[in-house]
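Read left to right, the sequence shown gives residues 20 to 310 (the working numbering). All residues carry an ideal CB built from backbone N, CA and C; glycine is no exception. Presented below is the structure to which this report refers.
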Amino acid sequence: MEYAEIGIIGGSGFYDLEGLEEAHSVRLRTPFGAPSEKLMLGKLHGRAVAFLSRHGHGHRLNPSEVNYRANLFAMKMLKVERLVSITAVGSLKEELKPGELVIPDQYVDQTFKREKTFFENGIVAHVSLADPTCPALGRLAQRLAAEAGLAAHRGGTYCNMEGPQFSSRAESLANRQLGHALIGMTQAVEAKLARELEMCFLPLAFVTDYDCWHQSEESVTVEMVMANLKQGVAAIRKLLPLIIRELPRDRGACSCANALAASIITAPPLIPEKTYKKLELIIGKYIPSRL
Ligand SMILES: [Zn+2]
Numbered sequence: 020m021e022y023a024e025i026g027i028i029g030g031s032g033f034y035d036l037e038g039l040e041e042a043h044s045v046r047l048r049t050p051f052g053a054p055s056e057k058l059m060l061g062k063l064h065g066r067a068v069a070f071l072s073r074h075g076h077g078h079r080l081n082p083s084e085v086n087y088r089a090n091l092f093a094m095k096m097l098k099v100e101r102l103v104s105i106t107a108v109g110s111l112k113e114e115l116k117p118g119e120l121v122i123p124d125q126y127v128d129q130t131f132k133r134e135k136t137f138f139e140n141g142i143v144a145h146v147s148l149a150d151p152t153c154p155a156l157g158r159l160a161q162r163l164a165a166e167a168g169l170a171a172h173r174g175g176t177y178c179n180m181e182g183p184q185f186s187s188r189a190e191s192l193a194n195r196q197l198g199h200a201l202i203g204m205t206q207a208v209e210a211k212l213a214r215e216l217e218m219c220f221l222p223l224a225f226v227t228d229y230d231c232w233h234q235s236e237e238s239v240t241v242e243m244v245m246a247n248l249k250q251g252v253a254a255i256r257k258l259l260p261l262i263i264r265e266l267p268r269d270r271g272a273c274s275c276a277n278a279l280a281a282s283i284i285t286a287p288p289l290i291p292e293k294t295y296k297k298l299e300l301i302i303g304k305y306i307p308s309r310l
């Protein structure tokens, strides 16, 4: 049976993982459909790692088309407990400069065109998203970023727009007034789903541009984003092995692993069998049977 302790989802510009020992790929099917791509498995510093390209090879899926549930459930099928989500973002704050790394700790989800819960069709759960990211992983990544040559900021709100168009100037200015730090198109839904799967979630957001609010900047274009992205991807490629090398075996004191403990509301005997079977991997530890 394939297994991975650490999952990594790569975003724009980040379509594979180099340096994996015993590298091989698997195509998984989940009860929620097919992930964006085959998952690449292997070892880094002796730890089992799984990598998935969020948009697929050749960047074929737009942020609304990505099947986030299948992507994350596939990681769960591999028994992943820690999930690293890599994404390119625009900065809404002067001090978060292009070329720098941000580890956001909050999300505002403005998306309206994607599936964002595993709990439906006869089962209801309300997980807490008060603190949607793993504090222990965030601290570790920030500490190691300098070693990888990256200026890193921890904290701040990632505003998740639907896309695929970049913001209008009015939207950009409005998001700034709301105090959001970053604008992006993918990560909030991954944070929500990771919480439902009781995974520790580490967001690595690489700033490629100042969105379009910034007076001195030309408006954001794909060309500008891709040029900065290349540099960021190279730095994150250095950072990931450091994080994996230093990652404690035990998840420790964070509460990520118990997110569902008091969250499932539906009376077990009323959960339809089909729904139970679909979610057994997630809920089996709390509801060993429907009776
Ligand atoms: Zn955690």
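Sorted by position in the chain, C153, C219, C273 and C275 make up the residues whose C-beta lies under 5 angstroms from a heavy atom of ligand 1. Note that the C-beta distance between I306 and P287 is below 7 angstroms. Annotation: N86 is outside any beta strand (DSSP E) and is labelled neither H nor E by DSSP.
Distance from M204 to G175 at the Cβ level is roughly 17 angstroms; contact not present, criterion being Cβ atoms closer than 8 angstroms. In the three-state reduction of the DSSP assignment, S191 falls in the helix class, which pools H, G and I. Ranked by Cα distance from S187, the first of G109, H172, R162 and P267 is G109. Approximately 7 angstroms separates the beta-carbon atoms of C178 and Q129; this is inside 8 angstroms, confirming the contact. Taking one beta carbon from each stretch, the stretch 135-154 and the stretch 200-218 have 3 or more pairs nearer than 8 angstroms; the two touch. In the three-state reduction of the DSSP assignment, N277 falls in the helix class.
Take the alpha-carbon of L111 and the one of S104: they are about 20 angstroms apart. Taking a 10 Å sphere around the C-beta of S308, we find fewer than 16 other C-beta atoms and assign the residue as exposed. The alpha carbon of H64 has as its nearest neighbour, out of V226, E41 and C219, the alpha carbon of E41. In its chain, beyond the 5 residues on either side, F137 and I142 have a beta carbon closer than 7 angstroms to the beta carbon of L298. For secondary structure counted as the alpha helix (DSSP H) over 4 or more consecutive residues, the stretch 180-249 holds these complete runs in sequence order: 188-196 and 206-215. In the three-state DSSP reduction, T294 falls in the helix class (H, G or I). In the same chain as R195, and ignoring 5 residues on each side of it, the C-beta atoms closer than 7 angstroms to its own belong to L111 and W232, in chain order. The stretch 248-259 and the stretch 41-61 do not touch, with fewer than 3 CB-CB distances between them shorter than 8 angstroms.
In the three-state reduction of the DSSP assignment, K112 falls in the coil class. The bridge partners DSSP lists for T176 are Q125. For I25, the secondary structure class from DSSP, reduced to helix, strand or coil, is strand. With respect to the 7 angstroms criterion, A160 and L221 are classified as neighbours on the basis of their beta carbons.
Looking at the backbone, the Cα of K304 and that of A53 are separated by about 25 angstroms. Looking at the backbone, the Cα of E114 and that of Y229 are separated by about 10 angstroms.
For K116, the number of other beta carbons within 10 angstroms of its own is below 16, and it is reported as exposed.
Shown here, A69 sits in a strand according to DSSP, grouped into three states. Annotation for L156: the continuous alpha helix (DSSP H) segment containing it runs P154 to A164. Counting of Cβ neighbours within 10 angstroms places N90 among the buried residues, the total reaching 16 or more. Nearest neighbour of A23 by Cα position, chosen from K95, P50, H78 and G32, turns out to be K95.
Following the DSSP letters along the chain, one finds A42 inside the beta strand (DSSP E) bounded by residues E40 to V45.
Within the same chain, and ignoring the five residues on either side of E215 in sequence, the residues whose Cβ sits closer than 6 angstroms to its Cβ are F137 and V146.
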